[in-house]
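Each protein sequence line maps, in turn, to chains A and B. Mapping the first sequence onto my numbering, position 167 (from 1) lands on 170, and the numbers just tick up by one. Mapping the second sequence onto my numbering, position 220 (from 1) lands on 1429, and the numbers just tick up by one. Even glycine gets a Cβ: it sits at the ideal position worked out from N, Cα and C. As the structure is a prediction and not an experimental result, all values here were calculated from the model. Structure first, commentary second.
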Amino acid sequence: MGWTILDTFLDGFETLSVEWRLSFAEGFFTLSRRPLLKPRGYIGSMTRESEIEQILTWEYFQEEEQEPEWTDSEFSGLDWMAMAWSLHLSQESEGKKEGSGQGKVKSLNLGGPTVNEEFVLRALCKLLDAAPPYQLTPIIPKLCEFVQWFDDTELPEYRGIISTRIREAIRMHEEFQKVHCFQKFHCTWYI
Amino acid sequence: MLVAMVAVSLRAIDKYFVGHSPITTVRALIRCMEISNIPLAQVVVAASDYFECSMYDRDNIKHLRQTETDLTNVARSMALPRQESLWLLWTLSELRSESGRPEREPFLIGICLAILSNHTPIWMGRGAFDDTLLEAVVTLAAMSCSPEHSNRLHILTSSREYPWLLRNLRNPALFATWFQDIPSDHHNQFISLLFLVTHALIRGGSYPLAVQYLSVITAKGDLPLYTSTLTAIAPVTGATTLATISRLLVAPQTQDLVSIIHSCMRHQEDNFQEEPLENYDLQLEELLENYDLQLGASETPDQNFLAIVFILFKHVFSDTTERLKRVIPGLRNPQLRLAARVVARLDIPDGSGLPMESLYDHRVHNMIAALSLQRYMKGTVPQFTEFVLLGSFLESRELSISSVALEYYMKTAISYPGPPAPSYCLSAAVQYLQRSTSYCWTIHYGWGGRY
């Protein structure tokens, strides 16, 4: 998973229905605990093709089932995005240091889309656009922090859209809190 | 010398010395010495423990089972060399022949199976089967199922009298009533053992005898049992035998089984080395047609059978595809038809009438996904039409499958003029993939933080 799927989502954003966008964005921003999977082989040395080949073996068929374990804390796709972006940048700087890449990115998404600031911010904008505001509430602090990473970039339109979406989410959350307090007061009074 | 003392005491005429204090002391001494890691020392000590317990402490069931397990583990884990294996088989056969107790000892089948599983790949590599070892295995297995002392004695004598005649190996009737003689929880092991014997006979060119063994095996008519044991021994036997036995299992009664083996093995050279699979005429279409006849239109195909088909034909050859294309329309069972299309790398467009929902064991479903998705990754899919099929793979908890499936599921949806409604699994698949990928990256790279 990663940039390739996000790129596909961006490519088809205008074609896909609201239901599609919502479903994708919901999956992306939902906070949940991570499965403590045992990855098949070392992620850096195995391609998707070889991982899929491994499924067509007796070792796979006879492997005993393992109940997945879960992490204690919860994560969303934003955590993945932050991590993947950091990794991408570190690989990029390593490539530049070695002088072999001439700025070309040698990352895990070989053959994938060109990942740069614009791509990440555009993807985030589309995802925020598709997601229901209530889902953004718990990740607002992380979202603000992540967007700050791009303060130096000259892409104000994307940062503007993201800020607007964050403000909307905060406003809706506050309104909800007010209504909730009001109802709680009435209930207490009634009792 | 110490090991030899215990070994000799076990095979001596008067075995009562085994439980006596000198031998017990020697055994304890061996355990404390460096030689305890030598295969012969391990096998001799474990056999001696078992014998002493079965002779003097038989009422202590827990201890007896422990010694049986220890002995089986030694046979299983040590990859015992030939001489040690023969010593163990012969010794246990002698002990069994001398025991006057009427009960069967099915745990001995586990020992036979372990030895045969260890030696079959060696034989395959060497290009010759060890008839002596095979005869010893069959003899002990036959004796383990027999409750009558006289019969056990007869089996042993028959083998020892003229060892070169391989009388027990040539007499599959010894196992004719195996499903009555052996407790059901040992059926899997027993069938695995007989399949390995059949494999040896097929690769050794004794086709009629192999067919006789197969008749004995299939007397119970329990195809799921046979296919599950076949998958269990598949890594040992190799693809050719697996394909051959699979064809024999589903062949109609009227068909000449020897001729099936001939047709499967006609390209076999003198040695047993597995040749590239395309050199064998495995007749996948015949395998599927015969199974379809047995299955009918409404039965669910056996998951192990499908796994065999998928693994055997993960690299499909053009002539197989062509023959399959002709056969597929005639298959009555929709799930088998789906499997055949997957093997032939034919697309399964929406509305094809084939069952796309997860009807299978999840491992088999993942195999279907793996075979189907290879075409996408190689870029050989001319147009995206398999929206429903790809959607069914989103449920997979194999990261590689769900990520490839999600990518092409979305590409397929985008390629449609009016994208169909998304699968109920879409959101969960996105969620699962993001979490799992970030987990893998955390392991290998740690949290990056700000750059």
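Is it the case that the Cβ atoms of residue i and residue j are separated by a distance below 8 angstroms?
i, j, result
"Gln1492/B", "Arg1456/B", "yes"
"Leu1599/B", "Ala1579/B", "no"
"Leu1403/B", "Leu1432/B", "no"
"Ala126/A", "Leu9/A", "yes"
"Ser1611/B", "Ala1638/B", "yes"
"Ala1419/B", "Ile1469/B", "no"
"Val1573/B", "Ala1516/B", "yes"
"Ala1250/B", "Leu1280/B", "no"
"Thr1206/B", "Leu1405/B", "Only positions 1210 to 1660 of chain B appear in the structure, and residue 1206/B is not among them; the question remains open."
"Thr1348/B", "Asn1377/B", "yes"
"Ala1345/B", "Leu1295/B", "yes"
"Leu34/A", "Glu62/A", "no"
"Ile1520/B", "Leu59/A", "yes"
"Leu1608/B", "Ser1636/B", "no"
"Trp88/A", "Val123/A", "yes"
"Met1474/B", "Ile1537/B", "no"
"Pro1626/B", "Trp23/A", "no"
"Ile1324/B", "Ala1284/B", "yes"
"Ile1318/B", "Phe1388/B", "no"
"Ala1549/B", "Leu1497/B", "yes"
"Ala1630/B", "Gly15/A", "no"
"Gly1309/B", "His1358/B", "yes"
"Pro1381/B", "Tyr1422/B", "yes"
"Thr7/A", "Pro159/A", "no"
Please check if any C-beta of chain E sits within less than 8 angstroms of the C-beta of residue i.
i, result
"Arg1572/B", "Included in the structure are the protein chains A and B, with no chain E among them."
Kindly list the residues whose CB is nearer than 8 angstroms to the CB of residue i, restricted to its own chain and excluding five residues on each side of it in sequence; keep chain order.
i, result
"His1272/B", "Cys1262, Asp1266"
"Phe32/A", "Ser79, Gly80, Leu81, Leu130, Ala134, Gln138, Leu139, Ile142"
"Gly1562/B", "Pro1543"
"Ile1331/B", "none"
Spell out the partners DSSP gives residue i in its beta bridges.
i, result
"Arg36/A", "Glu77/A"
Using 7 angstroms as the cut-off, classify the Cβ of residue i as near or not near the heavy atoms of the ligand GTP, replying yes or no.
i, result
"Tyr1617/B", "The ligand GTP is not among the ligands present in this structure, which contains no ligands whatsoever."
Please return the same chain residues whose Cβ sits closer than 7 angstroms to the Cβ of residue i, not counting the five positions on each side in sequence.
i, result
"Ala1565/B", "Just to set this straight, residue 1565/B is Met in the shown sequence, not Ala. Result list for Met1565/B: Val1597, Leu1598, Ser1601, in chain order."
"Lys1620/B", "Phe1593"
"Cys128/A", "Tyr161, Ile164, Ile165"
"Arg1541/B", "Asp1501, Gly1505, Ala1506"
"Gly1413/B", "Phe1338"
"Pro1392/B", "Pro1315"
"Thr1276/B", "Asp1258, Tyr1259, Cys1262"
"Phe153/A", "Glu120, Leu124, Arg162"
"Leu1322/B", "Gln1398, Ser1401, Leu1402"
"Pro1632/B", "Before going further, note that residue 1632/B is Ser rather than Pro in the sequence given. The residues are Gly1600, Leu1603."
"Gln151/A", "none"
"Leu1545/B", "Leu1497, Tyr1500, Asp1501, Leu1504, Pro1510"
"Val1367/B", "Val is not the amino acid found at residue 1367/B; the sequence shown has Ser there. Excluding positions up to five away in sequence, the list reads Arg1376, Asn1377."
Which residues in the same chain as residue i place their Cβ atom closer than 6 angstroms to its Cβ, once the five residues preceding and following it in sequence are excluded?
i, result
"Lys107/A", "Bear in mind that a pLDDT of 47 at Lys107/A, under 50, signals an unreliable position, so the number given afterwards is only what the model happens to contain. So the list is empty, once near-sequence residues are dropped."
"Asp1559/B", "Phe1596, Val1597"
"Asp1390/B", "Cys1354"
"Phe1384/B", "Val1425"
"Thr1436/B", "Asp1511, Asn1513, Phe1514"
"Leu1362/B", "Ser1306"
"Asn1397/B", "Thr1438"
"Ala1443/B", "Leu1451"
- Item | Minimum length 4: unbroken alpha helix (DSSP H) runs contained in the stretch 45 to 96 of chain A | 51 to 58, 61 to 65
- Item | the stretch 25 to 32 of chain A in contact with the stretch 1571 to 1586 of chain B per 3-pair CB rule at 8 angstroms | no
- Query: Is the stretch 135 to 151 of chain A touching the stretch 165 to 175 of chain A in the sense that three or more CB pairs, one from each, lie closer than 8 angstroms?
  - Reply: yes
- Is it a yes or a no for the stretch 171 to 179 of chain A touching the stretch 136 to 143 of chain A, going by three-plus beta-carbon pairs under 8 angstroms? yes
- Message: Taking 8 angstroms as the cut-off, does the stretch 1353 to 1373 of chain B touch the stretch 1434 to 1449 of chain B (at least 3 CB pairs, one atom from each stretch)?
- Response: no
- Query: Does the stretch 1278 to 1289 of chain B touch the stretch 1336 to 1344 of chain B, meaning 3 or more C-beta pairs lie closer than 8 angstroms?
  - Reply: no
- Runs of alpha helix (DSSP H) lying entirely within the stretch 115 to 192 of chain A, each at least 4 residues, in chain order: Here the runs fully enclosed are 120 to 133, 136 to 139, 143 to 151.
- Task: Note down, one range per segment and in chain order, each alpha helix (DSSP H) of at least 4 residues found wholly within the stretch 1368 to 1423 of chain B.
- Result: Taking 4 residues as the minimum length, the alpha helix (DSSP H) runs contained wholly in the stretch 1368 to 1423 of chain B are 1387 to 1390, 1396 to 1412, in order along the chain.
- Message: Please give me, in chain order, every unbroken run of the alpha helix (DSSP H) with length at least 4 that falls completely inside the stretch 1550 to 1596 of chain B.
- Response: Counting only runs of 4 or more, we get 1571 to 1586.
- Task: Ignoring anything shorter than 4 residues or poking outside the stretch 1259 to 1308 of chain B, list the alpha helix (DSSP H) runs there in chain order.
- Result: 1270 to 1286, 1291 to 1307
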